[in-house]
Amino acid sequence: MKELQPRLLAMGKTYGADILDGFPKVLRRVGGYNVDALMPDAMAMRPGGAAGDGINLSHLLVGSEGTLAYSTAIELKLWPLPAKKIMGICHFPTFYKAMDAAQHLVTLDPVAVELVDDTMIELARSIPIFQPTVEEAVRGNPAALLLVEFAEEDMAENERRLRQLHEMMGDLGFGWDKGAAWRGGVVDAIDPGMQGRIAEWRKSGLNIMMSEKSEAKPVSFLEDCAVELKDLAEYTDKLTAIFDRNGVKGTWYAHASVGCLHVRPVLNMKQACGAETMRAIAEEAFELVRSFGGSHSGEHGDGIVRSEFNDRMFGPVLPHLFRQVKAMFDPQGMFNPGKITDAPKMDDRELFRFAPGYEAEDFDSVLDWAAWPGAAGGFQGAVEMCNNNGACRKLTGGVMCPSYRATRNERDAVRGRANSLRLAMSGQLGPDAMASDAMAETMKLCVSCKACKRECPVGVDMARMKVEVTAARAAKHGIPLHDRLIGNLPAYAPLASGLSGLSNLVQSVWRHVPGLASLVSRLTGFTTKRSLPKWHSNAFRNGEIGSAPTGAGTPVVLFADTFNRYFEPENLRAAIRVLRAAGYDVFAPTPAAGRPYCCGRTYLSAGMVDKARAEAERLVTALYPLARSGVRIVGLEPSCTLALRDEVPALLGTAQAEAVAEATLTFAELIEADRPDLPVPAAAARRRQ
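Start counting the sequence shown at 345; every next residue gets the next number (the working numbering).
Spelled out as structure tokens, the structure:
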């Protein structure tokens, strides 16, 4: 940098007027290189800058997207997180009125004004992890929300500004009692927990927008254009007209307070017409941004998709300077070529994730994937829902993804598995890749915990997808003894439990007999390093609770799964005591003859689909009349309970299975929903305090 400094500073002196005139005068802009950093105090006009700062050449590297240099160490200026916050959720009847109001709301000096549009609201309602937040924060069916946040050190001042926000919304003409054209107002978020949930919802905006189950997805090529706040309503109105002329809709969210919205037209980029429409919208939209004196790249960089427009957006001089800077720092063009300067065409389909000729293998799926588009009955579309957001790689909070947290290997994350499935289905991993040893290893550590279905912002359900992989492998290679022993557990459990003494003796002894241990381990696939669960000598019996309601309380079915029934029956007995104490009439349908009901979960995990289907049909037949009459079904074992809600309907594809799924709850969900008045022992109450 020292060697380049004289040439860079000379550039700033020579082209100072062109530099100041060429950059848009908006708060959010990262297009091109920050050559204004070559001029004294030029950065004073940027956030965090001040007169007298002089020249800091590190600003030239900010936003350069790895095209100029790499860093071995970076020193950052940090600011303390606000300790006290308050939020007002402003509701608007039309998108235009929300955008027009933003310029007024910022006069209250909030730290943020964030947009959430109706598309994001409706999609979030269907995502389990966000649905409660939407119900908590959204009143009615607004066309748009503005999340207005205050973070003064004095909480009383925050409360005063929240009152001012209510008053301003009223002054602007909005009210909960107004007609449809002006219906709106403010929902307060004072509780820090509620604020955190709303912030997480907003932060996940991109992934929520990507959760639509269609081949057309919100595409990022003009997503962070920025204009002055006074122009925001007119800009968004004209941009919407561009979308309308091209026959597409757009999704909108993010930073209304600085005129930088994240906007994504919904396009099918697998088709040539999708790329053509993207080009047409980009040409017109960037010209619109230029007419407002805005920035075509407000936050996320130029990349491939916007770099080709730098000549048009900045005029003849600045792009020439960008190329000079690139040549000074990277004369051989080694660093991230094709970005900011010398860019390819944004609609070159050979660069797309779904290049021309992309197609997925079609096969008969074992589960119902009809809610998604694409081959294999929609399985392709479900796999392609993964947009590589990487939420499954987080190491704190939530549950997803336990296997990745253990290994830190991308292959063992939900994203790694989804990408492996996509590549396998599209033939990029060779023939029969779905049933290959490599795919089996990729899926091996997935414990089917269902955390991804709940916590993945786009709802990727890897536990359900694993069923397809396991079934495909079983069909091609057969089912090994290890998997047969696990899958058939419900079939032999009654006998093994009835002979629990002998069963437990055999299970404990074989691991310690030389020769026998290695032989059994080799044959069955069970390791000698871990003991197997012990069969309980007093397994749960059908007669311990009635097979029909008695009318003595709120009826509820307790689903006694195989594992709790034969290994840990004390869980079932404890649940019965708690439910009865809470006033429930606990019962469980009992088969007239033969072994107890089973959901088929173990069979699915072993690829034994036909047996799983038979078990599921038997159980649904017994439970459907009860579910239809409004009786709830409660399970203790999460994998079995969630199988009733997810895999069984997908396996059977019947209205009866759907009805049973809707009636099924975990034990915790039932208690949370009803909040019964339970008698708590004094000692337990003291511990809880």
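Backbone N, C-alpha and C define an ideal beta-carbon position, used for all residues, glycine too.
Owing to the predicted nature of the structure, the values given are computational and were not obtained by experimental measurement.
Scanning MET690, ILE465, GLN851 for the CA closest to the CA of PHE870 turns up GLN851. Cβ-Cβ distances below 6 Å link PHE636 to VAL571, ASP575, TYR579 in the same chain, with the five nearest sequence neighbours on each side left out; the list follows chain order. DSSP places ASP674 outside any beta strand (DSSP E), giving it a letter other than H or E.
Nearest Cα to ALA386 within the set GLN668, LEU863, HIS403, ARG866: HIS403. When DSSP reads this structure, VAL607 sits in a beta bridge with TRP596.
Apart from the 5 residues on each side of it in sequence, ARG623 sits with its Cβ closer than 8 Å to the Cβ of MET690, ASP691 in its chain, given in chain order. Beta-bridge partners assigned by DSSP to ASP461: ALA488.
Per the coordinates, the alpha-carbon of CYS796 lies some 53 Å from the alpha-carbon of ALA361. In this structure THR814 is in contact with ALA950, their Cβ atoms being roughly 7 Å apart against a cut-off of 8 Å. 7 Å or more divides the Cβ of ALA719 from the Cβ of ASP708. In the three-state DSSP reduction, ARG527 falls in the strand class (E or B).
Under the DSSP assignment, ILE473 falls outside any beta strand (DSSP E); it carries neither an H nor an E label.
A straight-line Cα-Cα distance of about 12 Å links ALA600 and CYS434. The beta carbons of GLY376 and ASN733 sit no closer together than 7 Å.
Taking 7 Å as the cut-off, the Cβ atoms of PHE630 and TRP545 do not count as close. Around the C-beta of LYS820, fewer than 16 other C-beta atoms lie within 10 Å, and the residue is accordingly described as exposed.
In the DSSP assignment, ARG817 falls within the unbroken alpha helix (DSSP H) covering 806-821.
In chain order, SER792, ARG945 place their CB closer than 7 Å to the CB of SER983, counting only its own chain and leaving out the 5 sequence neighbours on each side. Taken in chain order, the unbroken stretches of alpha helix (DSSP H) that lie wholly in the region 890-976 and span 4 residues or more are 906-910, 913-925, 945-949, 953-972. Just measuring C-alpha positions, the residue of GLY638, ALA816, ARG921, CYS800 sitting nearest VAL1024 is ARG921.
Pairwise C-beta distances place the region 886-893 in contact with the region 925-945, as three or more of them are shorter than 8 Å. Assigned with DSSP and collapsed to three states, LEU576 falls in helix.
Listed in chain order, the beta strand (DSSP E) elements of length 3 or more contained wholly in the region 994-1019 are 1008-1010. Around PRO913, the same chain offers HIS880, ALA883, PHE884 as residues with beta carbons nearer than 6 Å, after the five sequence neighbours per side are excluded. Between the beta-carbon of ALA417 and that of LEU490 there is about 40 Å, and that puts the pair past the 8 Å contact cut. Going by DSSP, ILE363 is part of the alpha helix (DSSP H) stretching over 360-366. Straight through space, the alpha carbons of ALA468 and PRO476 are spaced by roughly 9 Å. Shown here, HIS664 sits in a helix according to DSSP, grouped into three states. Between GLY366 and LEU382, the gap from beta carbon to beta carbon reaches 7 Å or more. Of the candidates MET464, MET499, SER415, MET499 places its Cα closest to the Cα of ALA427. Distance from the CA of VAL727 to the CA of ALA768, rounded to the nearest whole angstrom, comes to 11 Å. In the assembly as shown, ARG866 is an exposed residue. Its beta-carbon has fewer than 16 other beta-carbons within 10 Å. In the three-state DSSP reduction, VAL758 falls in the helix class (H, G or I).
Two segments are said to touch when three or more pairs of C-beta atoms, one from each, lie closer than 8 Å; by this definition the region 550-570 touches the region 604-611. Shortest Cα-Cα distance from GLU493 to any of ARG504, ALA487, ARG483 involves ARG504.
With contacts defined by Cβ atoms closer than 7 Å, PRO993 and ALA1005 form a contacting pair.
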